[in-house]
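These notes concern the structure reproduced below.
Here you go:
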């Protein structure tokens, strides 16, 4: 419906990956779900407490290195296929886990907010905003 009414949109993919290959397969599955659609806003790798709990149930401890490799693999796979990509999680997860370093990464958590701010302040349309937008405001 968004495309029908010319409403820009993006998507969040809640991840249950616990290795890099799984993250890339999730990105591939998201591409199949999207099909011929073309979201103008980023597609987000959403990683939260339930993601970590699922990994633990499968015998995997999610380290900073592992999370970064999964998130990067997911985002790069989407970008190779012509989409903007980013990382998302909730505020509590950011405040209470060691993975907070990802916020300043190439695929910053708040890319979409920064883009909307630029659109409002500078009168830009989304095509003029370069992704990924780096945001360091949480560091």
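Numbering (my numbering), first residue to last: 10 to 148.
Yeah, the Cβ is synthetic: ideal placement off N, Cα and C, and Gly gets one too.
Bear in mind the structure is a predicted one, so any value in this text is a computation, not a measurement.
Query raised in the report: Name the DSSP bridge partner or partners of residue 83?
Result: As a working mapping, residue 83 is identified with position 74 in the chain shown. Residue 83 pairs with nothing; no bridge assigned.
Report task. Using the Cα positions of residue 83 and residue 53, report the straight-line distance between them to the nearest angstrom. Result -> Working through the chain shown from its first residue, we reach residue 83 at position 74. Working through the chain shown from its first residue, we reach residue 53 at position 44. About 9 Å.
Query raised in the report: For residue 32, which of helix, strand or coil comes out of DSSP?
Result: The residue given as residue 32 occupies position 23 in the chain shown. Looking at residue 32 - three-state DSSP - the assignment turns out to be helix.
Query - residue 94 and residue 51 closer than 8 Å at C-beta - result: Counting from one through the chain shown, the residue named residue 94 turns up at place 85. Counting from one through the chain shown, the residue named residue 51 turns up at place 42. Contact flag set, yes.
Query raised in the report: Who are residue 94's beta bridge partners in DSSP?
Result: As a first step, residue 94 must be located in the chain shown, where it is residue number 85. DSSP, once it has assigned bridges, lists 52 as partnering residue 94.
Requested in this report: Would you give the residue range spanned by the beta strand (DSSP E) that residue 21 belongs to?
Outcome: The residue you call residue 21 lines up with position 12 of the chain shown. First-last of the beta strand (DSSP E) with residue 21: 20-23.
**Report entry** Cβ-based burial, residue 46 [other Cβ within 10 Å; buried from 16]
**Finding:** As a position in the chain shown, residue 46 is number 37, starting the count at 1. Classification for residue 46: exposed.
Requested in this report: Would you please state the rounded distance, in angstroms, between the beta carbons of residue 57 and residue 99? I believe it to be under 8 Å.
Outcome: Working through the chain shown from its first residue, we reach residue 57 at position 48. Working through the chain shown from its first residue, we reach residue 99 at position 90. About 6 Å; that satisfies the 8 Å criterion.
Query raised in the report: Comparing alpha-carbon positions, which option in 43, 105, 73, 97 lies nearest residue 12?
Result: Along the chain shown, read from residue 1 onward, the residue named residue 12 stands at position 3. Nearest C-alpha to residue 12: 43.
Query raised in the report: Of the choices 88, 106, 62, whose alpha-carbon is the least far from that of residue 27?
Result: In the chain shown, residue 27 corresponds to position 18, counting from 1. Ranking 88, 106, 62 by Cα distance to residue 27 puts 62 first.
Requested in this report: Could you check which residue in 19, 65, 14, 18 has the C-alpha nearest to that of residue 25?
Outcome: The residue labelled residue 25 in the question sits at position 16 within the chain shown. Of 19, 65, 14, 18, the residue nearest in Cα terms is 65.
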